[in-house]
Amino acid sequence: MDTQGPLSEQGLVRMLTHTGERIEDERFAPYAADLDAATLRAMWHDMTVLRGFDLEATSLQRQGELGLWVPSLGQEAAQIGSGYALRTSDFVFPSYREHGVALTRGVDLPEILRIFRGLQHGAWDPAAHGFHLYTLVIGSHALHATGYAMAMDRDGLVGTGAETDGAVVCYFGDGATSQGDVNEALVFAAVNDAPIVFFVQNNQFAISEPTTRQSRVPLAQRGAGFGVPSVRFDGNDVLASYAVTRWALEQARSGTGPVLLEAFTYRMGAHTTSDDATRYRTRADEEYWAERDPIARVEAYLRGIGELSDEAIEEAHAEAKALGRRTREAVKSWSPPPTSTIFDHVYAEPHTAVESERAWFARFERSFTDKGAHA
Amino acid sequence: MDTQGPLSEQGLVRMLTHTGERIEDERFAPYAADLDAATLRAMWHDMTVLRGFDLEATSLQRQGELGLWVPSLGQEAAQIGSGYALRTSDFVFPSYREHGVALTRGVDLPEILRIFRGLQHGAWDPAAHGFHLYTLVIGSHALHATGYAMAMDRDGLVGTGAETDGAVVCYFGDGATSQGDVNEALVFAAVNDAPIVFFVQNNQFAISEPTTRQSRVPLAQRGAGFGVPSVRFDGNDVLASYAVTRWALEQARSGTGPVLLEAFTYRMGAHTTSDDATRYRTRADEEYWAERDPIARVEAYLRGIGELSDEAIEEAHAEAKALGRRTREAVKSWSPPPTSTIFDHVYAEPHTAVESERAWFARFERSFTDKGAHA
Amino acid sequence: MTAMTMAGAINRGMRAAMERDPKVLLMGEDIGQLGGVFRVTDGLWKDFGPDRVMDTPLAESGIVGTAIGMAMRGYRPVIEIQFDGFIFPAFDQITTQLAKMHYRSRGLINLPVVIRVPFAGHIGAVEHHSESPEALFAHTPGLRIVSPATPQDAYDMIQQAIASPDPYLFFEPKARYWDKAEVDEARVATQLSGEHGASAATAELSRGRVAREGKDVTLVAYGPTVRLAMQVADVAASEGRSIEVVDLRSISPLDSATVVRSAKRTGRVVIVHEAPTAFGTGAELAARVMEQAFFHLHAPVLRVGGFSTPYPGSKFEHDYLPNLDRVLDAVDRVMTH
Amino acid sequence: MTAMTMAGAINRGMRAAMERDPKVLLMGEDIGQLGGVFRVTDGLWKDFGPDRVMDTPLAESGIVGTAIGMAMRGYRPVIEIQFDGFIFPAFDQITTQLAKMHYRSRGLINLPVVIRVPFAGHIGAVEHHSESPEALFAHTPGLRIVSPATPQDAYDMIQQAIASPDPYLFFEPKARYWDKAEVDEARVATQLSGEHGASAATAELSRGRVAREGKDVTLVAYGPTVRLAMQVADVAASEGRSIEVVDLRSISPLDSATVVRSAKRTGRVVIVHEAPTAFGTGAELAARVMEQAFFHLHAPVLRVGGFSTPYPGSKFEHDYLPNLDRVLDAVDRVMTH
Ligand SMILES: Cc1ncc(C[n+]2csc(CCOP(=O)(O)OP(=O)(O)O)c2C)c(N)n1
Ligand SMILES: Cc1ncc(C[n+]2csc(CCOP(=O)(O)OP(=O)(O)O)c2C)c(N)n1
Ligand SMILES: [Mg+2]
Ligand SMILES: [Mg+2]
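Residue numbers (the numbering used here), protein chains in the order written: chain A, 1 to 375; chain B, 1001 to 1375; chain C, 2001 to 2337; chain D, 3001 to 3337.
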């Protein structure tokens, strides 16, 4: 077991043990104080529904309905907890695995699958949800997020104390911390006091590579190098995720500049449906982490304090099932629009290369309907 | 005055005050213990000669003999001090301002000017001097240096305790710390325990931008974010530069991995001969730093302890003058080789595009000698 | 009409854009107090302050990446890349992000970012300061690429690029920065204040111009080589040859229509650019002219560009780059058919 | 002769190179225990250990940059870029460093670095996983660029590229990874063990091949489109048309001589690649064929490539990329003259 490296539990803020006992954290307790049982139950509920959706998407991929799926399995607490800490005035830059955060931002989960069915690259209106599109080039969105935060500051949406104050949360993985762009984002955010929370989901793997291939020290330490305050927390503890993120957002919204958070969690599934995790990790490890399942943990806590009834559980599972059904129906109902739409939105204004190819393609297609296909 | 930012004097290791009094530094004193008066005088001598060369190059540029010059004015202590700490088994990756380090690596200074006369891009044999070519794309050589260090480790040249043990020193500026490549170099070096010393010459400016545009905290702090031990020292103190670099090299050669050093210094001249520093900094600032001149400081110290005679001073200046003369003569004597040489060394093996253009150009040139120029 | 250098014209054009639209801001290295290493932003920091003329950290990917984020909130960042050879660290942000965000968002996000790049050679500089990388960007759909050759075009085009909703690479021929000419400031101001100003501007930016009429050979150039092409036309005229010069102005879209029209009349085309000939703008143009004017051509389209070597030491740049002799030689060759 | 898939051939080729020369080492993301996302390095980590099959941090610039440093000490790094669309963060290191170091050092430093790039489309992937960026590198002198189309070539060419003293971009048509064929392992081994093995290898790597002889039209392809070209030739043959297929193999240098030779016989040329047509490899080749075979051509050289849009959702890739119908259409068009 790693005792001081990036896979150690060094300095983790934790509010809930893995068996569901509450523990006190003096520094962050105030930020969880408003979490009543109803809210916690709502979080648990969203985590449960999210997982159901995730499994459905995986099975759709297996059946050939999707080209790929990127499960968020095991990271539900990191995502839902932090998502609950956001408000409308905040803006999120996800990587590509933050389906849980998408849920908290009001994105209808099945819509995400348009991307993975190969229909389009973006699948929701970022402005409508305060939730940017997924970015697949690792780390590059960290700079967009920083620029967006700089612009919020410029727009007077920081440090006024009003409800309009906002901040950006930028999610990325442990692997992403090695990219130049992420480090440049820390530079730009720091010198501009940008209102941004860099949220590292350290799920211990970048595909097959353990976090020890990216760093010799815990990733939260990265912030210090740039003068950015940082906190490491148990990413499988939805309370800690909520409280620490709330704290970080308050910092950022107040105008003191960026904060870096590391949610130490575990990718319970494979990297994607194309991946085979058995090639690089042990059953024992998976079992160890299965016992630290983020949903089971808060479920145990809620049950322990008598705030989660069998009916509520049944209801949530039924809802997950219904969502699964709706997802499956939706996915199968999507048929691709005409090919000619590939020429749309390359530019906002007409561009002769695109327009002439569009015209050529229309003639080409007509030539088939006119006189039958060539081959 | 900056009290905790990147322009503060926070945590600077210093062994010589700016008026030339010796001060003790418990941690690094042992690494300066071998510095007898003769060696210190040799350092002072090299710094003096270097400055003379620098001024000559500037004047050659003013007279149109060079396209550009990049002075090292004010950074002599950082460069000569660290250069003296190197041994043959080490290897240096400079940026483009390390003429002082070049001197300690046996590069004949006038040769550098071949680059600035527009004759060629590289002007010495890196292997022969343990001193790589200058790199003009900011920060990109930090990765080469890291790879080179990884290869030294692989070649058994680290951690054996023998004289063959070596390390890499990679020099770059304060501005370079913002580049993705420099941060990626820290990542790669750290996870591979590469024997490398990252040597930041913080001369307070990246052209016109003060270091506060690159960081909110002292640059030495950057190392911590990557788990790389770091030290900040007075870069105008040649003793500190020597001692701290020696320490760092011993760390790196021993196999414990990278070290980051920040030499806090001041660029006494303009960025290059194309630059006009009066546009962005005050006379007062320049005067403040003129009083902290790295050469004057060690000169005062040596004189104070009776180890620098008037004759030695005269001799050094005469030598600088002679070097100046030799430089001027050399530069003026260089005439460009035939244009056809531009086709050499594009590839190590023949490439048809290059060879056919080479042949075309030869025919084209012949057509003029054959029948007189066109226009 | 006011006399301006090209650098001055770009400076005034940016000033006009900043006055017209408070969302326009400048980003780059040393563009503030220093006014940029070429002084193209001279005086703007003083008049608009550090929030609109931002000295950024030394990281090109960071500059383009944060500009994208600011553009997402309605800003119109105008970036200065200090020298052509330093755009490559930003290549990923330009290629995979700036170029594709509008497409990725199915039109929901516009990124009106202008990247100014002082480019090309002839200033006696050290390595990496004389590159011509325009073709590398032209191969990436989603970007628009233009290059002015005169102070008037520089003044108009920078404002049109800023006004357009699409991302632009704006290649400034740095060796021409100090060329002076009279500039009419009114026309572009009128265009941009019109109802469909941005559309009109974008459309106009997409078109090349016939810089000189002629009937024997069509000589195509852009940016730094337009002046050379005009000189060639002069020399050729004195030898009794009539050369039509087309200043492309736009590389993406590439206004091949104007060239094809000319080629159909002259039957002979020579293309001149500083970038290495191989895989350059000339290749695309030659291929298109052939596709569209094949049966009008008397000779193959010829290209004169930099050689297939890295940019050599500046002592060699006159021979490395297209020069009067080499272009005249190509004109001779197309005329032999 | 041994039956191999293309992925298997590259794997075995690398194994042979590693056995031949202890300085050969592999670098990349997930190439160790996992064997790479396409399993092209499968088994090598187990047999050669983590020092020769290095799982690197997730940073492409870092990978190429550190490989350059290792090559300076005599190593021969073979890099795997996980997918074509992720090479762009390394663009600066490739363009300004890897390509230019030999020149900058006036021949003192060789950088025998091979960058393997699984490229092109037809695997139903999400964004950035189906790009064809080869032309972007071909415009930069100092790099060599090749792409195999068959298991035999994959097996030979990877070893030749590793043996060559120059830096290579090695574009692997990922949709063809699972195509199987018999491979002769002896020939390249003999070549490389010869006295001037590396020179012979480099020279051979620079040449294209006529994959099928014909007399009406020259159809040029490389990497992923070679199979398509062969299919087109089959269909055309059934319609009475004789198509010669040239597999370029090398993009830099571009073996235009082979194409020109063929073009002089057929008088008609069509070029097919997956990259967007505009500013692609086809442009350069078309321009050269015109320059060198103008008076032999019956019709303009035509190009069939990806459209001038970002790579669309994978549901559209069949229509976006050159396909049988589009190539046959181009063949029809050149035949009308
Ligand atoms: C620039 C770039 N390089 C490589 C990839 C391929 N890739 C996709 S995900 C991934 C691992 C990412 O790991 P991490 O950042 O930890 O995020 P996680 O997937 O674990 O959430 C890699 C290498 C990519 N998408 N972008
Ligand atoms: C990638 C890149 N961007 C921009 C430049 C232009 N440039 C040359 S030196 C310099 C400032 C460098 O500052 P610093 O790193 O502090 O080094 P110093 O010159 O002060 O020694 C800049 C911006 C460059 N050479 N490379
Ligand atoms: Mg991860
Ligand atoms: Mg500096």
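A virtual CB, placed ideally from N, CA and C, is assigned to each residue, including glycine.
Everything numeric in this text was worked out from a predicted model, so none of it was measured.
In whole angstroms, what is the alpha-carbon distance linking residue i and residue j?
i, j, result
"arginine 2116 of chain C", "glycine 2223 of chain C", "13 Å"
"phenylalanine 116 of chain A", "serine 1356 of chain B", "48 Å"
"lysine 3315 of chain D", "glutamate 3134 of chain D", "24 Å"
"glutamine 2097 of chain C", "valine 3126 of chain D", "15 Å"
"serine 59 of chain A", "serine 335 of chain A", "19 Å"
"valine 2183 of chain C", "alanine 2154 of chain C", "9 Å"
"histidine 374 of chain A", "arginine 363 of chain A", "Confidence in histidine 374 of chain A is poor, its pLDDT being 46 and thus under 50, which makes the residue's placement unreliable; the coordinate value appears in the next sentence. Computed Cα separation, rounded: 14 Å."
"alanine 220 of chain A", "proline 2165 of chain C", "39 Å"
"phenylalanine 1199 of chain B", "aspartate 293 of chain A", "45 Å"
"glycine 1118 of chain B", "arginine 3106 of chain D", "14 Å"
"threonine 1177 of chain B", "alanine 77 of chain A", "35 Å"
"alanine 3278 of chain D", "phenylalanine 3307 of chain D", "8 Å"
"glutamate 2317 of chain C", "isoleucine 2271 of chain C", "19 Å"
"proline 2167 of chain C", "leucine 109 of chain A", "31 Å"
"glutamine 120 of chain A", "arginine 325 of chain A", "22 Å"
"tyrosine 1084 of chain B", "phenylalanine 1091 of chain B", "13 Å"
"serine 1340 of chain B", "histidine 3102 of chain D", "17 Å"
"glycine 3036 of chain D", "serine 2199 of chain C", "47 Å"
At a cut-off of 7 Å, would you count residue i as near ligand 2, judging by its Cβ distance to the nearest heavy atom?
i, result
"phenylalanine 3091 of chain D", "no"
"glutamate 2029 of chain C", "yes"
"asparagine 183 of chain A", "no"
"glutamate 2060 of chain C", "yes"
"glutamine 3152 of chain D", "no"
Of the choices the options, whose alpha-carbon is the least far from that of residue i?
i, options, result
"glycine 2049 of chain C", "C:Arg2039, C:Leu2025, C:Ser2242, C:Phe2088", "C:Leu2025"
"isoleucine 3145 of chain D", "D:His3122, D:Ala3163, D:Val3114, D:Ile3123", "D:Val3114"
"methionine 3335 of chain D", "D:Thr3281, D:Glu3317, D:Ala3236, D:Val3272", "D:Ala3236"
"glycine 2062 of chain C", "C:Ala2278, C:Ile2081, C:Lys2174, C:Lys2180", "C:Ile2081"
"isoleucine 1112 of chain B", "B:Ile1207, B:Ala1128, B:Tyr1134", "B:Tyr1134"
"proline 3089 of chain D", "D:His3128, D:Arg3052, D:Met3054, D:Gly3124", "D:His3128"
"methionine 1961 of chain C", "C:Ile2031, C:Ala2287, C:Arg2333, C:His2102", "In the structure displayed, chain C extends from 2001 to 2337; residue 1961 of chain C sits before or after that span and is not available."
"glutamate 2029 of chain C", "C:Asp2021, C:Phe2038, C:Lys2023, C:Pro2022", "C:Phe2038"
Considering only DSSP beta bridges, list what residue i is partnered with.
i, result
"threonine 2218 of chain C", "C:Glu2244, C:Val2269"
"arginine 1232 of chain B", "B:Glu1262"
"glycine 3306 of chain D", "D:Pro3276"
"lysine 2180 of chain C", "C:Thr2005"
"isoleucine 207 of chain A", "None; isoleucine 207 of chain A has no bridge partner."
Heavy atom of ligand 3 less than 7 Å from the Cβ of residue i, yes or no?
i, result
"arginine 267 of chain A", "yes"
Would the C-beta of residue i count as close to ligand 4, meaning under 7 Å from any of its heavy atoms?
i, result
"phenylalanine 1205 of chain B", "yes"
"glycine 995 of chain B", "With chain B covering only 1001 through 1375, there is no way to say anything about residue 995 of chain B."
Run the proximity test for residue i: is its beta-carbon closer than 7 Å to any non-hydrogen atom belonging to ligand 1?
i, result
"isoleucine 115 of chain A", "no"
"isoleucine 2081 of chain C", "no"
Touch test, the region 1264-1282 of chain B against the region 1061-1079 of chain B, Cβ-Cβ under 8 Å, three pairs minimum: Result yes; three or more Cβ-Cβ pairs closer than 8 Å.
Three CB pairs or more closer than 8 Å across the region 1006-1020 of chain B and the region 1234-1250 of chain B: Enough Cβ pairs lie closer than 8 Å, so yes.
Given 8 Å, three or more beta-carbon pairs between the region 128-145 of chain A and the region 153-164 of chain A: no
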